[in-house]
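Chains B and P, in that order, give the protein sequences.
Taking the working numbering, I'd label the letters of the first sequence as residues 7 to 209.
Taking the working numbering, I'd label the letters of the second sequence as residues 82 to 220.
Glycine included, C-beta positions come from ideal geometry on N, C-alpha and C.
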Amino acid sequence: MTTTAATVLALVWLAAGSGPAEAHVLEGARLFRENRFAEALVEFRVAERLGAADARAYAAAALVKLDRPEDALELFEGPGGPAPGAHPLLDYYHALACYGARLYRCADALLAGVGERTGPRVAEQARQIRRDIAAAVPAEPPPDSVDWYLARAAERAAAGRPVLARAFAAEARALGAGRADRHGVAQAEAVLAKLPPSTDPAP
Amino acid sequence: MKRTALAIAAGICLFAPGRPLPAPAGKDARDAVFDALASKADLPAVRPVLPSLIAERDALRPDDAGVRAKREKAAKEARRSVRSESAKANASAARSEAARAAGAAKDDARRAAEKVREEKTRKKPKPPKPPRPDGGGSP
Numbered sequence: 007m008t009t010t011a012a013t014v015l016a017l018v019w020l021a022a023g024s025g026p027a028e029a030h031v032l033e034g035a036r037l038f039r040e041n042r043f044a045e046a047l048v049e050f051r052v053a054e055r056l057g058a059a060d061a062r063a064y065a066a067a068a069l070v071k072l073d074r075p076e077d078a079l080e081l082f083e084g085p086g087g088p089a090p091g092a093h094p095l096l097d098y099y100h101a102l103a104c105y106g107a108r109l110y111r112c113a114d115a116l117l118a119g120v121g122e123r124t125g126p127r128v129a130e131q132a133r134q135i136r137r138d139i140a141a142a143v144p145a146e147p148p149p150d151s152v153d154w155y156l157a158r159a160a161e162r163a164a165a166g167r168p169v170l171a172r173a174f175a176a177e178a179r180a181l182g183a184g185r186a187d188r189h190g191v192a193q194a195e196a197v198l199a200k201l202p203p204s205t206d207p208a209p
Numbered sequence: 082m083k084r085t086a087l088a089i090a091a092g093i094c095l096f097a098p099g100r101p102l103p104a105p106a107g108k109d110a111r112d113a114v115f116d117a118l119a120s121k122a123d124l125p126a127v128r129p130v131l132p133s134l135i136a137e138r139d140a141l142r143p144d145d146a147g148v149r150a151k152r153e154k155a156a157k158e159a160r161r162s163v164r165s166e167s168a169k170a171n172a173s174a175a176r177s178e179a180a181r182a183a184g185a186a187k188d189d190a191r192r193a194a195e196k197v198r199e200e201k202t203r204k205k206p207k208p209p210k211p212p213r214p215d216g217g218g219s220p
């Protein structure tokens, strides 16, 4: 009897534990739908603090809508962020964050995995963005552009934002690798080696 | 013994500071969020423009002959590869990006912390009123 009662109480506690966090997620969703992204962001942040593990990704999506792609990237790619492929819509927003930060290779790779799983409208948008990126990023990009990404990586590393530094250095490496002279690849790898090891986002 | 076990379980329920491990939101909440996310998943407002270190430095420096020459060269390249409207939008975004990001991140953290604090204060249980002695109080 005692065991049963204790189990029931523990279950009640576990069920009740998700209540407040879930209420904030629901409120965030409502605000997001009404284009009130700043308020939605606060709700998702509160839900995250109350224990809703996936609210971090929703907060990142709100940051994308607030035109703060670098802040969004830090949530998507930092510890506790969603793993790529976990949900196609999160991948779409993650790609928009990369795109906003001018990490076009990063955006393209994520959009390639979105496919049709998000429905026809978003899938067509993903294809459109990929076409635009293909037109804007030449197979052999100018060295000056690779240097831009390297400079940005160094700036972000100096500012104590290793997630962003890693993203910019990886982009520089990918772009430089497309050139015959592999301009910037060695520098990008040197930057990456100096950064703390990346913590893989939660599966 | 039974009473002690029950009291401990009840105590955990009432006074536990929070859940020990983060858990995903429930299915209803997840569905609501993904519906909202899908409804607002738009195309980016600007077309992609591959950035250029020379063009960016050029935009931040005062005019001189060398810089002007570099600017003209960069502008010519930009005209070839991108639409001028999106180039302008991207350049202006690059200039304001740093200032905006620093302020906004602090603001979010502060607002979320305030809200959590507010909720904790609101949810504190009121202490029970002491029982009135018989016949005491107002006449």
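- By the criterion of a C-beta distance shorter than 7 Å, aspartate 114/B is surrounded in its chain by Arg136, Ile139, once the five residues flanking it on both sides are discounted.
- Closer than 8 Å to the CB of glutamate 177/B there is not a single CB belonging to chain P.
- If you check the CB distance, glycine 119/B and aspartate 97/B come in under 8 Å.
- Residue-level contact by beta carbon fails for proline 211/P and chain B, as no gap is shorter than 8 Å.
- Remark: C-beta atoms of phenylalanine 50/B and alanine 61/B approach each other more closely than 8 Å.
- By the CB criterion at 8 Å, valine 52/B and alanine 185/P fall outside the cutoff.
- If you draw a 10 Å sphere on the C-beta of alanine 186/B, you find fewer than 16 other C-beta atoms in it, and that means exposed.
- Within chain P, the residues placing a beta-carbon under 8 Å from that of glycine 106/B are Pro125, ordered along the chain.
- Counting of Cβ neighbours within 10 angstroms places glycine 166/B among the exposed residues, the total staying below 16.
- For a Cβ distance threshold of 8 Å, residue set Leu124 of chain P lies close to glutamine 134/B, ordered along the chain.
- When 8 Å is used as the limit between beta carbons, proline 147/B is near these residues of chain P: Leu131, in chain order.
- Counting C-beta atoms within 10 angstroms of its own C-beta, alanine 190/P has fewer than 16 neighbours from the protein chains shown and is therefore classed as exposed.
- Contact with chain B is absent for glycine 184/P, since none of that chain's Cβ atoms lies less than 8 Å from the residue's Cβ.
- Taking C-beta separations shorter than 6 Å and ignoring five residues to either side along the sequence, the partners of alanine 66/B in its chain run Ala78, Leu81, Phe82, following chain order.
- Under the three-state reduction of DSSP, alanine 122/P is assigned to coil, being neither helix nor strand.
- Arginine 36/B and alanine 113/P have their C-alpha atoms spaced approximately 8 Å apart.
- Counting other Cβ atoms within 10 Å of its Cβ, glycine 57/B reaches 16 or more and is therefore classed as buried.
- Per DSSP, arginine 185/B is not a residue of any alpha helix (DSSP H), being assigned neither H nor E.
- Burial of threonine 124/B is indicated by the presence of at least 16 other C-beta atoms within 10 angstroms of its C-beta.
- Residue-level contact by beta carbon fails for lysine 201/P and chain B, as no gap is shorter than 8 Å.
- Here serine 120/P is exposed: its Cβ has fewer than 16 other Cβ atoms, across all protein chains shown, within 10 Å.
- Taking 8 Å as the cut-off, the beta carbon of proline 75/B is found closer than this to the beta carbon of alanine 103/B.
- DSSP, read as helix, strand or coil, puts valine 143/B in coil.
- Interface with chain B (8 Å Cβ-Cβ cutoff): arginine 198/P is excluded.
- Look at proline 26/B here: in three-state DSSP terms it is helix.
- When the Cα atoms are used, aspartate 123/P and valine 128/B turn out to be separated by approximately 8 Å.
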